[in-house]
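Take any residue in the sequence shown, note its place counting from 1, add 1039, and you have its number in this note's numbering. All C-beta atoms in this analysis are idealised placements derived from N, C-alpha and C, irrespective of residue type, glycine included. Model, not experiment: these values are computed from the prediction.
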Amino acid sequence: MKIAVLGGGPGGYEAAIAAAKKGAEVVLIEKDKVGGTCLNRGCIPTKALLASYEVYETAEEAADFGINISGDITVDYAAIIARKNKVSSSLVKGIHYLLEKNGVQYLNGFGTMLDKNTIEVVKEDGTKETVTVDYTILATGSVPICPGMFHYDGKRVITSDEILDMTECPKSVILVGGGVIGCEIGQFLAKMGTEMTIVEMLPQILPTMDEDVAKQLARQFKKEKIKMITGDGIAEVTVKDASVAVKLQSGKELEADYLLVAIGRMPFTKGAGLEAAGVELTERGRVKVNEYLQTTADNIYAIGDIIDSAMLAHVASKEGLIAVSNIIDGAKEKPTYHAVPGCVYTNPEVASVGATEAELTKKGIHYHTGTFDFKGLGKAQASGKIAGFVKVIADDNDVIVGASIVGAHATDMLQVLTMATQLKMTAKEVGDCIFPHPTMSEAIMEALHDLHGQSIHKA
Ligand code: FAD
């Protein structure tokens, strides 16, 4: 069986390796760099930058912990970007090694399906190669949304793609979109010295997340002098020689060196030859798939940011593995989406899974919450990380249906609650487990106990 994977992001490259491990002959086609958005322009570069934020923050707080750092703390912005690039390129190298070790054929070029079994690959030097396959997994990912009214030019009006490669810290930025990408990049830049204004159309930053969680992050942003304008949108953009002027819908006027547009991403399928292969799109412009991730062409599957599921690397990867099982093993596996973890790597970190209170209220579903503030924990006090809390939501049968954590290590801690939500465990079952002491994860146990009015360390 020969399988082509079109697109080498976290969805595509993992699917290619998984298929090779199951014995298929696999060709991975990537027009740019393996690792896709995630490794080169997304998850990893932003986390590498936020690691520099963390070092800065730690250095500033050192005296509180009895550690004296003499002299001023200064930022070498170009070195931060160089480190970020090094992290990405070493991971890209690692993927090439894995592809080779698993016998995946790698074709670096733009792939276009000529029909449902044939793909033409145009390489960088203009030469062409045609591949004939039994199955294809489409994983061509996404690009930033930037409507015409923003006058995107990649210079003054930019997206996450450009800001991540800038080697000088911008003096001032108006950032449109207070979602995950906007909050992560906004906080990093502000710490490095950028005068940052975030404009969010909806009433809160992180609009899809729990209201209390978003408030906690907003408090930290305020402390860091990040200006936040919520409930307002962009009405007009004027690009000048060395700045961008913006008029908001409320009439308010702003001006900054750059306008950074972070209002979301859209699937990228241009030139992939969907029509020729018989692959249809949904009304929302996503690749149409059935519950087994099969497109309208029976030998072509689609995964990741191009289909109608959460645009997250771990979702793309999971879908890739499912597509491979369905193609090679005939497994008839279906992805489930009720327990998709969503993480924001700001300070404090934010992590959530399953339903929020607002969603349940909207659906008229009765629920119960248990909460616990980190400040009640020995570990949080010892490490000086007391900001934040855990909130767990259970239904009338005590089944965990959602959770949010805001605070240090929230993203690493979420997995306990992701498993509980995925496996539909009760708060009692999880709360009865022994949690190690002293750890930040004890806040999860206390919040679970709080659901039954039994949290020991909550007054
Ligand atoms: P992509 O990673 O976009 O990969 C698609 C690949 O296909 C690309 O490499 C592209 O060059 C290639 N391609 C496209 N068309 C063709 C063609 N015709 N021929 C050959 N190759 C083609 N997600 C998280 O889970 N956690 C995070 O912390 C996180 N942070 C992010 C931060 C930022 C700034 C951004 C922009 C995104 C972030 N994401 C994060 C989202 C995550 O990057 C995406 O959800 C993920 O990369 C999607 O994977 P994918 O495999 O579907 O597509």
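* Proximity of Phe1189 and Val1300 at Cβ, strictly below 7 Å -> Looking up residue 1189 in the sequence shown gives position 150. Looking up residue 1300 in the sequence shown gives position 261. Yes.
* Nonlocal neighbours in the same chain, by C-beta distance under 6 Å from Ala1117, ignoring five residues either side -> To locate residue 1117, count along the sequence shown from 1; it is residue 78. Here the set comprises Thr1206.
* What does a CB cutoff of less than 6 Å around Leu1138 pick up in its chain, not counting 5 residues either side in sequence? -> Numbered from its first residue, the sequence shown carries residue 1138 at position 99. These residues qualify, in order along the chain: Tyr1145.
* Asked: With DSSP run on the structure shown, which of helix, strand or coil describes Lys1327?
  -> For this step, residue 1327 is matched to residue 288 along the sequence shown. Three-state result, Lys1327: coil.
* To do: Run the proximity test for Lys1155: is its beta-carbon closer than 6 Å to any non-hydrogen atom belonging to ligand 1?
  => Taking the sequence shown and counting its residues from 1, one reaches residue 1155 at position 116. Because no heavy atom of ligand 1 lies under 6 Å away, the Cβ of Lys1155 does not count as near it: no.
* Asked: Can you give the Cα-Cα distance for Ala1442 and Glu1223, rounded to whole angstroms?
  -> The residue labelled residue 1442 in the question sits at position 403 within the sequence shown. The residue labelled residue 1223 in the question sits at position 184 within the sequence shown. For Ala1442 and Glu1223, the distance between alpha carbons rounds to 21 Å.
* Asked: Hey, Arg1304 and Ser1181: beta-carbon distance below 7 Å or not?
  -> Residue 1304 sits at position 265 when you count from the first residue of the sequence shown. Residue 1181 sits at position 142 when you count from the first residue of the sequence shown. For Arg1304 and Ser1181, yes; Cβs fall inside 7 Å.
* Taking the C-alpha atoms as reference points, what is the distance between Ala1459 and Val1429? -> Along the sequence shown, read from residue 1 onward, the residue named residue 1459 stands at position 420. Along the sequence shown, read from residue 1 onward, the residue named residue 1429 stands at position 390. Distance between the alpha carbons of Ala1459 and Val1429: 14 Å.
* Determine the extent of the alpha helix (DSSP H) in which Phe1260 is found, giving its start and end residues. => Here residue 1260 corresponds to residue number 221 of the sequence shown, with the count starting at 1. Unbroken alpha helix (DSSP H) run through Phe1260: Glu1250 to Lys1262.
* Inter-stretch contact at 8 Å, needing at least 3 Cβ pairs: the segment 1243 to 1259 / the segment 1288 to 1296 -> no
* Sheet register partners of Lys1382 (DSSP bridge) -> Along the sequence shown, read from residue 1 onward, the residue named residue 1382 stands at position 343. First, the amino acid is wrong: residue 1382 is Cys here, not Lys. Answer is Ala1390.
* How big is the Cα-Cα spacing for Glu1398 and Asn1141? -> The residue given as residue 1398 occupies position 359 in the sequence shown. The residue given as residue 1141 occupies position 102 in the sequence shown. Computed Cα separation, rounded: 43 Å.
* To do: Going by DSSP, name the residue or residues bridged to Ile1361.
  => Walking along the sequence shown from the start, residue 1361 turns up at place 322. Beta-bridge pairing links Ile1361 to no other residue.
* So, helix, strand or coil for Ser1211, using DSSP? -> Counted from its first residue, the sequence shown places residue 1211 at position 172. DSSP places Ser1211 in strand when its eight states are reduced to three.
* Tyr1174 versus Tyr1331: straight-line alpha-carbon distance, rounded -> Translated into positions along the sequence shown, residue 1174 becomes position 135. Translated into positions along the sequence shown, residue 1331 becomes position 292. Roughly 14 Å separates the two Cα atoms.
* To do: Would you mind working out which of Met1152, Thr1450, Ile1120 and Pro1049 sits nearest Val1172, comparing C-alpha positions?
  => By one-based count along the sequence shown, residue 1172 stands at place 133. With distances taken between Cα atoms, Val1172 lies closest to Met1152.
* Excluding the 5 residues preceding and the 5 following Cys1382 in the sequence, name in chain order all residues of the same chain whose CB lies nearer than 6 Å to its CB. => Looking up residue 1382 in the sequence shown gives position 343. The residues are Ala1390 and Thr1450.
* Give a yes or no on whether the C-beta atoms belonging to Val1131 and Val1073 are separated by under 7 Å. => Counting from one through the sequence shown, the residue named residue 1131 turns up at place 92. Counting from one through the sequence shown, the residue named residue 1073 turns up at place 34. Between Val1131 and Val1073, the C-beta spacing is below 7 Å.
* To do: Give the DSSP bridge partners of Met1350, in chain order.
  => Translated into positions along the sequence shown, residue 1350 becomes position 311. Paired residue(s): none; Met1350 is not in a bridge.
* Span of the alpha helix (DSSP H) around Arg1122 -> If you number the sequence shown from 1, residue 1122 lands on position 83. Here the alpha helix (DSSP H) through Arg1122 covers Tyr1116 to Lys1140.
* Between Ile1432 and the rest of its own chain, which residues show a CB-CB distance below 6 Å, the 5 nearest in sequence each way excluded? -> Position 393 of the sequence shown, counted from the start, is the residue given in the question as residue 1432. Closer than 6 Å at Cβ, skipping near neighbours: Tyr1406, Thr1408, Val1440 and Gly1441.
* Go to Asn1079, then tell me how far its alpha helix (DSSP H) extends in each direction, as first and last residue. => For this step, residue 1079 is matched to residue 40 along the sequence shown. Element bounds for Asn1079: Gly1075 to Arg1080.
* Can you find a heavy atom of ligand 1 that lies under 6 Å from the Cβ of Leu1320? -> The residue given as residue 1320 occupies position 281 in the sequence shown. Every heavy atom of ligand 1 is 6 Å or more from the Cβ of Leu1320, so no.
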